[in-house]
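So that you can map any letter, position 101 of the sequence shown is 152 in the numbering used here, and since no number is skipped, the others follow by simple counting.
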Amino acid sequence: DFTLPDMARATRSLSDYRGKVVMLNFWATWCPPCRREIPSMESIYQDLQKDGFVVLAVNEFESTDHVFAYTGQLSVFPTFPILFDSDSKISQDYDVKGLPTTLLIDKQGKVVYRAVGGRDFDHPAVRDIVRKLLAAD
52 DFTLPDMARA
62 TRSLSDYRGK
72 VVMLNFWATW
82 CPPCRREIPS
92 MESIYQDLQK
102 DGFVVLAVNE
112 FESTDHVFAY
122 TGQLSVFPTF
132 PILFDSDSKI
142 SQDYDVKGLP
152 TTLLIDKQGK
162 VVYRAVGGRD
172 FDHPAVRDIV
182 RKLLAAD
């Protein structure tokens with residue numbers, strides 16, 4: 052579990068999402084593959100959040116103001132929570148070696164998938180994995 056501040060400086064904990072399928076994405080604005088992932092992360096989040104799917108984007112080292120200004124320049128504004136790991140402690144806890152790194156966490160809180168490098172989360176294979184996790188008890 053962890054607790055981090057979001058864009059509004061409110062705190063959010065991973066345990067707040069127990070019983071949901073969580074996509075935990077570690078990223079930074081300076082990372083080109085991270086930037087390319089945001090529209091597809093927003094798309095899958097919009098399509099599946101009503102079924103219990105959550106995206107948590109954990110930004111590494113950057114300030115809230117910097118990330119807010121950056122997201123305002125995107126063609127698709129992310130509506131999923133952006134959290135701030137200013138000292139990279141959570142990244143270390145999850146053994147993140149490079150950005151972006153994305154983890155899928157099942158309803159019981161277990162990491163079931165890990166992807167290092169950019170992904171297209173709109174891909175049917177990714178959506179199938181998430182739907183199967185959503186359907187599992």
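The beta carbon of each residue, even a glycine, is placed where N, CA and C say it ideally should be. Keep in mind that this is a model prediction, so the values were computed, not measured.
Query: Could you tell me which of Ala166, Phe53, Val177, Ala61 sits nearest to Cys192, measuring between CA atoms?; Result: Outside the shown range of the chain, which is 52 to 188, sits residue 192, and nothing can be said about it.
Query: If Pro56 and Phe104 are in contact, beta carbons under 8 Å, what's the gap, nearest whole angstrom?; Result: Not really, about 22 Å apart at Cβ, beyond 8 Å.
Query: Let's test the definition: count the other Cβ atoms within 10 Å of the Cβ of Pro151 and tell me whether it reaches 16, buried, or not, exposed.; Result: buried
Query: Quick one: which unbroken beta strand (DSSP E) runs of 3-plus residues sit fully inside the region 67-97? Chain order, please.; Result: 72-78
Query: Let me know if Phe119 comes out buried or exposed under the rule of 16 or more other beta-carbons within 10 Å of its beta-carbon.; Result: exposed
Query: Looking at Ser64: is its Cβ nearer than 9 Å to the Cβ of Asp171?; Result: no
Query: Buried or exposed: which applies to Pro132, given that a residue is buried once 16 or more other Cβ atoms fall within 10 Å of its Cβ?; Result: buried
Query: Just tell me which of Val73, Arg87, Thr80 has its CA closest to the CA of Lys101.; Result: Val73
Query: With distances taken from CA atoms, which of Val106, Met58, Gly169 is nearest His117?; Result: Met58
Query: For Thr115, I'd like the list of residues in its chain whose CB is within less than 8 Å of its CB, leaving aside the five on either flank, ordered along the chain.; Result: Pro56, Met58, Arg60, Phe135
Query: Return the Cβ separation of Glu93 and Val127 in integer angstroms, given the expectation that the two are a contact with Cβ distance under 8 Å.; Result: 5 Å
Query: Per DSSP, Ser64 is paired with what?; Result: Thr54
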